[in-house]
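A.B. asks:
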Amino acid sequence: MQPDERGHFGPYGGRFVPEALVAALDELDAHYRKAMADPEFTGEFDRMLREYAGTPSLLFDATRLSKQAGARILLKREDLNHTGAHKVRNVLGQALLTKRMGKPRVIAETGAGQHGVASATAAAYLDLECVVYMGEVDTERQALNVARMKMLGATVIPVTHGSRTLKDAINEALRDWVTNVDSTHYLLGTAAGPHPFPAMVRDFVSGIGVEAREQCLALTGALPDAVAACIGGGSNAIGAFHAFIPDESVRLYGFEAGGDGFETGRHAASITAGETGVLHGARTYLLQDEDGQTIESHSISAGLDYPAVGPEHAWLNDTGRAIYEPVTDAEAMDAFALLCRTEGIIPAIESAHALAGALRIAPTLSAELGRPATIVVNLSGRGDKDMHTAGAYFGLFTGETV
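Counting in UniProt numbering, the sequence shown tops out at residue 402, every number present.
(1) What are the boundary residues of the beta strand (DSSP E) that F197 is part of?
(2) Among the candidates H31, L59, G274, E325, whose CA atom is the shortest distance from the CA of L74?
(3) What are the boundary residues of the beta strand (DSSP E) that includes L286?
(4) Report back the beta-carbon spacing between H313 and G232 to the nearest angstrom; my notes put them in contact at under 8 Å.
(5) Within the continuous alpha helix (DSSP H) that includes R77, where are the two ends?
(6) Quick one: grab the DSSP three-state call for I295.
(7) Using three-state DSSP, classify E290 as helix, strand or coil.
(8) Cβ atoms of G111 and G239: under 8 Å apart, would you say?
(9) Within the same chain, show all residues whose beta-carbon is closer than 7 Å to that of L355, passing over the 5 residues directly before and after it, in chain order.
(10) Please state whether the Cβ-Cβ distance between E55 and G207 is less than 8 Å.
(11) Does the beta-carbon of E109 have 16 or more other beta-carbons within 10 angstroms, so that it is buried, or is it exposed?
(12) For F397, does the count of other Cβ atoms within 10 angstroms reach 16, so buried, or fall short, so exposed?
(13) Tell me whether the region 380-395 and the region 137-149 touch, counting them as touching only if at least three CB pairs, one residue from each stretch, are closer than 8 Å.
(14) In whole angstroms, what separates the C-alpha of V17 from that of P194?
(15) Who are the near neighbours of E5 in its chain, counting only those whose CB is closer than 8 Å to its CB and skipping five residues on each side?
(16) Along the chain, where does the alpha helix (DSSP H) containing P194 start, and where does it finish?
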């Protein structure tokens, strides 16, 4: 699916920004379109992905997990990429584009820290100054990643107002961009924001699905029955989904952060519980009150703790091409522990939401098909960054055991 010339996916997307950013977005759109049509740019991007990021990532047949799931679970191991997440695909593309535009500085926002680490890594690799905005709450949840960003030469600025999470970090990054737009590219971390970011980020991470599609065909001789991914802003999910959208037999599932439970109101399920509105430069689904004010989101996962979603996901939801369901913190952490014990893989808590969702749909899907279903789960990141949160959740720091 491609947006129209003004960046609309159906009624979603577009560009709702201060006048000062219009010229910068037009410049970015023009450079991006030319770059993607330039074999020299795409060849260098492919080389960096292959030789620096370590792609294609593996498609792992999780046999022990599959026995418990009642379906064949294939894990797309984006956690094995350099920096430990799918994020490296997007940042290498945008950082290379920044060099092409002749700008010396990038800014980024981050929640779980994975995008911040990836941005700092790409900036160091391509000799760019890097500033990362991060909510103060998230700097405490992700202290290890803050240290990694600083080791890589980035300046990390904690955001101390609002909910002090990802939404507020994005607000601060946008303010910086307005002030320094002539020298700075905003290296946006997800497939959201104003046009052309949603389609551009989607294109840079779309290799996830392209690789998974080819690998599944080679491994099983057929396409998967379903593809599952976690969804906050939605970059890993749209990267996993995009190559499969024309394959109508493949069901696409996005699992949102259900937090403490849908009924409590403490969640980040922006598609399931949101309404149409504008946030961070795009029309999409977002959590808002009766007066149209954005509601603070909640998730045990810093990377999913965001009250909106990328506009292409909103359109996929409305058209019925993808199905979106909330997964609670408890469900995600149960899946987190199960993957650790069955396959020896510690996933990011974000990815554990996708696992929990896959485990939920597996019995029904297999029963409907009359055979074990094959489900590709995008393991979008590794869990070492989340060990403080997981250790506290499971009581590991008090001598208790799971």
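For glycine and all other residues, C-beta sits at the position ideal for the given N, C-alpha and C.
C.D. replies: Taking the coordinates as given:
(1) Not the beta strand (DSSP E): F197 falls in the alpha helix (DSSP H), residues 197-205.
(2) L59
(3) 282-286
(4) That belief does not hold up - the Cβ atoms of H313 and G232 are roughly 10 Å apart, past 8 Å.
(5) No alpha helix (DSSP H) holds R77; the beta strand (DSSP E) holding it covers 72-77.
(6) coil
(7) coil
(8) no
(9) A335, L339, P347, V377
(10) Glu is not the amino acid found at residue 55; the sequence shown has Thr there. Cβ distance < 8 Å, so T55 and G207 count as in contact.
(11) buried
(12) exposed
(13) yes
(14) 7 Å
(15) none
(16) Where P194 is concerned, there is no enclosing alpha helix (DSSP H), given that its DSSP letter is neither H nor E.
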